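Notes follow once the structure below has been shown.
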Amino acid sequence: MNNKSPKNIFQAFTKHFRFHSKKEEQGDEMEKIAAQEQKVFAFETLVSATKDFHPDRKLGQGGFGPVFKGKLSDGREIAVKKLSQNSGQGKKEFMNEAKLLSRVQHRNVVSLLGYCSHEEEKLLVYEYVANESLDKFLFNSGRQGALDWKRRYDIISGVARGLLYLHQDSHICIIHRDIKASNILLDDKWIPKIADFGMARLYPEDQTHVNTRVAGTNGYMAPEYVMHGKLSVKADVFSFGVLILELISGQKNSTFNQDSSSQNLLDWAYHLYKKNKTLEIADPVLASSADPDQVAMCIQIGLLCVQADPSLRPTMHHVILMLSKKHGALNEPTRPGYPGSRYRRSRRPNASSSTPGTSGRDDSQSYSTTNSNSASASAGASASTSGTRSDSRGKRPMESWNN
Ligand SMILES: Nc1ncnc2c1ncn2[C@@H]1O[C@H](COP(=O)(O)OP(=O)(O)OP(=O)(O)O)[C@@H](O)[C@H]1O
Ligand SMILES: [Mg+2]
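Using full-length UniProt numbering, read the sequence shown as starting at 1 and increasing by one per residue.
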């Protein structure tokens, strides 16, 4: 058949015409697709998903605002973090976090489904993680039993893998900066997912640390970060170490009162370790499920992570090796970093350190934690003695993201 018959030419013309008449519609469609790819949610969608941010839907209140449970029209459950207008975050910083998060994909890191910026409102939309956060189990005597040793050990390993990914395996190096029990979410199979990159920043690969203003939560922050604003992956390693010791003891470092002769959980754990009574720090509810060798190994790893000198702390890569027992004998931990303790740099344990790759930089540094700033806001400090700005939740908000 001749394609150039008048009929076909007419058809081609009308097709072309139809295409143009639908152009606007298709443009709208393209915009929708683009919006989806950029993970932008319409404010109205989030209003209806959360029943207008109904108080019954509130999951919790963080330093940057409340979090609400919601359900999208397609049935997906979501957690919407509504950033308070006084959080100090500008629109640009918010977009930064959202973009950063949307590129991060790992089994042990919570997914950001999208975000929304509507007039003064800024919202982050996360996948809803069924069992919510670790702190709700760990520090609640009625619910601690849900976390037997295997679950706690799997949480330690999963968080270690998630952090390794953020530090090393993601296409960008991300320091989380606020690793703590409330930022570890547990899914329906108890798989831990690291939440909340509100504090996360890009970490330039050509630098050993970045200087920044202190933001974090009391009880979890590394002394060099509190005192000198020195943020490196080792600050996350420190917070991870606190988390391990909290997971094993069931005690919260920032409100520790188990032993009057110890200043905090880290001090208590270290002294028991030194007296060969390591297992005494374990939560009594673990008695029936604990594997003593594994518990002892994890306590030692926790103590290695909270050492005062960041260069002695293992990287997350070494933590994974230690957990997988492919590492041989573990090093002896030196004193933990916490307020009121005076750190004097000891000689490196030996040349064949169990933390290979952690260079011996900062050799001349000594972290005296006796100044008022550090004594008020470091690892085990009580927030009430703080001379520095922190809120009732022990949180030290960032002054600015652009420093
Ligand atoms: N994706 C989620 N799925 C289920 N629950 C969540 C989710 N995100 C947050 N939550 C719940 O909401 C609570 C508040 O979260 P939010 O991150 O705002 O506060 P926070 O972690 O206590 O403090 P911070 O502001 O320092 O992170 C969490 O403790 C958690 O229980
Ligand atoms: Mg959080």
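Yeah, the Cβ is synthetic: ideal placement off N, Cα and C, and Gly gets one too. Remember, it's a predicted structure, so these values are computed and weren't measured experimentally.
Residue i (DSSP reduced to helix, strand or coil)
i      : result
ALA79  : strand
GLY241 : helix
GLY65  : strand
HIS106 : strand
HIS171 : coil
ILE191 : coil
GLN307 : strand
LYS58  : strand
ASN3   : The pLDDT assigned to ASN3 is 44, lower than 50, so where the model puts this residue is not dependable, and the model offers no usable value.
SER254 : helix
ILE179 : coil
PRO314 : coil
GLY145 : helix
THR334 : coil
LYS122 : strand
7 Å CB neighbourhood of residue i in its chain, flanking five on each side removed
i      : result
GLN294 : TYR153
LEU138 : GLN144, LEU147, ALA181, GLU246, LEU247 and GLY250
Residue i Cβ short of 7 Å to ligand 2 heavy atom set
i      : result
ASP236 : no
GLY162 : no
Rounded C-alpha distance that separates residue i from residue j
i      : j      : result
LEU321 : SER48  : 46 Å
ARG361 : LYS252 : Per-residue confidence for ARG361 stands at a pLDDT of 30, beneath the threshold of 50, marking its modelled position as unreliable; the derived number appears in the next sentence. Spanning the two alpha carbons is a distance of roughly 32 Å.
LEU303 : THR278 : 11 Å
ILE179 : LYS51  : 31 Å
LEU166 : HIS228 : 23 Å
ILE184 : GLY328 : 29 Å
LEU46  : GLY60  : 17 Å
ASN276 : HIS318 : 24 Å
ARG389 : LYS326 : Confidence in ARG389 is poor, its pLDDT being 47 and thus under 50, which makes the residue's placement unreliable; the coordinate value appears in the next sentence. So the two alpha carbons sit approximately 43 Å from each other.
ARG57  : GLU120 : 21 Å
ARG313 : TYR338 : 14 Å
TYR126 : VAL80  : 6 Å
ALA308 : HIS118 : 44 Å
GLU280 : ILE172 : 40 Å
GLN263 : VAL226 : 18 Å
LEU124 : SER84  : 12 Å
LYS193 : SER260 : 34 Å
ASN330 : PRO310 : Looking at the sequence itself, residue 330 is Leu, so the reference to Asn does not match. Going from the Cα of LEU330 to the Cα of PRO310 covers about 17 Å.
Near ligand 1: residue i beta-carbon under 7 Å from a heavy atom
i      : result
GLU246 : no
LEU323 : no
TYR115 : no
VAL67  : yes
ASP178 : yes
Sequence-distant residues of the same chain with beta carbon closer than 6 Å to residue i, five excluded per side
i      : result
VAL285 : GLN144 and GLY145
SER239 : ILE179 and TYR220
ALA222 : ALA235 and PHE238
PHE256 : ASN264 and LEU265
LYS82  : GLY65, PRO66 and LEU123
ALA195 : VAL110, ASN183 and LEU185
Cut-off 8 Å between Cβ atoms - residues of its own chain near residue i, not counting five sequence neighbours on either side
i      : result
HIS296 : Just to set this straight, residue 296 is Ala in the shown sequence, not His. Cβ neighbours of ALA296 beyond the five flanking positions: THR278 and LEU279.
Contact with chain D by residue i, beta-carbon distance below 8 Å
i      : result
ASN218 : This model lacks chain D altogether; it includes just one protein chain.
Discussion item. Any residue with its Cβ nearer than 6 Å to a heavy atom of ligand 2 should be included. What is that list in chain order?
Written reply: GLY62, SER182, ASN183, ALA195 and ASP196
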